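**Q** I have a structure here, written as structure tokens, and I will follow up with some questions on it.
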Amino acid sequence: YAAFFVLNGLYNAGAGDVAMKLMADENSENVRTWAHVLRKLNATISPEAWDPANKPNMTFSHPWGSAPASAIAQGMFGLQPIDPAFETFQVKIQPGGVRSASIKLPTIRGAVEAAYNLNDGENGITAEVKIPANTKAKVSLPVSSSAHAKLLVDGEVQLAERDGKYLAVTLGSGAHTLAIPMK
Numbered sequence: 039y040a041a042f043f044v045l046n047g048l049y050n051a052g053a054g055d056v057a058m059k060l061m062a063d064e065n066s067e068n069v070r071t072w073a074h075v076l077r078k079l080n081a082t083i084s085p086e087a088w089d090p091a092n093k094p095n096m097t098f099s100h101p102w103g104s105a106p107a108s109a110i111a112q113g114m115f116g117l118q119p120i121d122p123a124f125e126t127f128q129v130k131i132q133p134g135g136v137r138s139a140s141i142k143l144p145t146i147r148g149a150v151e152a153a154y155n156l157n158d159g160e161n162g163i164t165a166e167v168k169i170p171a172n173t174k175a176k177v178s179l180p181v182s183s184s185a186h187a188k189l190l191v192d193g194e195v196q197l198a199e200r201d202g203k204y205l206a207v208t209l210g211s212g213a214h215t216l217a218i219p220m221k
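Quick note on numbering: the sequence shown equals residues 39 to 221 in our numbering.
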């Protein structure tokens, strides 16, 4: 049950790499991960415990195990409303070691789509976002501590706000490609 709050806290603290390790650690010794539940127990739905060794009479129908679904949307992709009804929302990508991923999240204003690819090198990242009509998104991409990092939006250098380990820009409706090139 508490895993939902742990994952939320990790993503809120900018520790997406730790959150992803908790979800996807395939170390054969570690039975307390969702990777173990999927691969070793062959579960297609959330179990009551991590493993029958923890609870021999467990069932496979408990909502607590769905925490990664919201953690991926709200944490890994940082898809969260800023204003009511997603009039303004954020996309704050925290790859956590996952080289590429995509998501489509339905909202009352239309589907929000986001995808990214980590390029070879220290900080190269390319992202694509689709922002529904009549909405705005604050899009943040991870960057190193280098003061020389630049953000490209639709192929042009964009003045971006430095927000800790991220470069952020507010974009209007439509499809946009963002990139932080490798040095």
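Backbone N, C-alpha and C define an ideal beta-carbon position, used for all residues, glycine too.
Just so we're clear, the structure is a prediction, and the values are computed from it rather than from any experiment.
(1) Taking aspartate 192 as the reference, give the member of Ile120, Leu48, Gly148 and Lys168 with the closest Cα.
(2) So, are the CB atoms of glycine 210 and lysine 174 less than 7 Å apart?
(3) Among all the DSSP beta bridges, which residues are the ones paired with glutamate 199?
(4) Can you tell me the Cβ-Cβ gap for valine 195 and lysine 203, rounded? I've got them flagged as a contact below 8 Å.
(5) Between Val44, Thr164 and Asn155, which lies nearest to serine 108 when the distance is taken from Cα to Cα?
(6) Alpha carbon to alpha carbon, how far is methionine 220 from tyrosine 39? Give it in angstroms, no decimals.
(7) State the start and end residues of the unbroken alpha helix (DSSP H) segment that holds proline 106.
(8) Can you tell me whether tyrosine 49 is helix, strand or coil according to DSSP?
(9) Could you give the distance in angstroms between the alpha-carbon of serine 104 and the alpha-carbon of serine 84?
(10) Relative to the C-alpha of alanine 153, which residue among Leu216, Leu205 and Phe127 is closest?
(11) In chain order, which continuous runs of the beta strand (DSSP E) of length 3 or greater are located wholly inside the segment 109 to 173?
(12) Going straight from the alpha carbon of phenylalanine 98 to that of alanine 81, what length do you get?
(13) What does the alpha-carbon distance come out to for the pair alanine 62 and valine 150?
(14) Can you tell me which residues form a DSSP beta bridge with proline 180?
(15) When DSSP builds the beta bridges, which residues end up paired with alanine 215?
(16) Nearest to aspartate 55 by alpha carbon, out of Met96, Trp102, Ile110 and Glu86?
(17) What do you get for leucine 197, buried or exposed, if any count of 16 or more other CB atoms within 10 angstroms of its CB means buried?
(18) Are the CB atoms of leucine 179 and isoleucine 120 within a distance shorter than 7 Å?
**A** The structure says:
(1) For the purposes of this step, residue 192 is taken as residue 154 along the sequence shown, with counting starting at 1. Answer by Cα proximity: Lys168.
(2) On the sequence shown, position 172 is the one that residue 210 refers to. On the sequence shown, position 136 is the one that residue 174 refers to. Yes, these two residues count as a Cβ contact at 7 Å.
(3) As a position in the sequence shown, residue 199 is number 161, starting the count at 1. For glutamate 199, which the question treats as bridged, DSSP gives the partners Ala206.
(4) Stepping through the sequence shown from its first residue, residue 195 is reached at position 157. Stepping through the sequence shown from its first residue, residue 203 is reached at position 165. The Cβ separation is near 20 Å, so there is no contact.
(5) Within the sequence shown, numbered from 1, the residue matching residue 108 stands at position 70. Of the candidates Val44, Thr164 and Asn155, the one whose C-alpha sits nearest the C-alpha of serine 108 is Val44.
(6) Position 1 of the sequence shown, counting from 1, holds the residue named residue 39. Position 182 of the sequence shown, counting from 1, holds the residue named residue 220. Roughly 40 Å between the two C-alpha positions.
(7) Here residue 106 refers to the residue found at position 68 when the sequence shown is read from its first residue. Segment 105 to 108, the alpha helix (DSSP H) holding proline 106.
(8) Start at 1 with the first residue of the sequence shown, and residue 49 comes out as number 11. Correct three-state label for tyrosine 49: helix.
(9) Within the sequence shown, numbered from 1, the residue matching residue 104 stands at position 66. Within the sequence shown, numbered from 1, the residue matching residue 84 stands at position 46. Distance between the alpha carbons of serine 104 and serine 84 is about 6 Å.
(10) Position 115 of the sequence shown, counted from the first residue, corresponds to residue 153. With distances taken between Cα atoms, alanine 153 lies closest to Leu216.
(11) 126 to 130, 138 to 143, 150 to 156 and 163 to 169
(12) By 1-based counting over the sequence shown, the position of residue 98 is 60. By 1-based counting over the sequence shown, the position of residue 81 is 43. So the two alpha carbons sit approximately 7 Å from each other.
(13) Reading the sequence shown from its first residue, position 24 is the one you call residue 62. Reading the sequence shown from its first residue, position 112 is the one you call residue 150. Each residue's alpha carbon lies about 25 Å from the other.
(14) As a first step, residue 180 is located in the sequence shown; it is residue number 142 there, counting from the start. Paired residues: Tyr204.
(15) Stepping through the sequence shown from its first residue, residue 215 is reached at position 177. The question names alanine, yet the displayed sequence has threonine at residue 215. BP columns for threonine 215 point to Glu166.
(16) Locating residue 55 in the sequence shown gives position 17, where the first residue counts as 1. The shortest Cα separation from aspartate 55 among Met96, Trp102, Ile110 and Glu86 belongs to Ile110.
(17) Position 159 of the sequence shown holds residue 197. Exposed.
(18) The count along the sequence shown starts at 1 and reaches residue 120 at position 82. The count along the sequence shown starts at 1 and reaches residue 179 at position 141. No. Outside cutoff.
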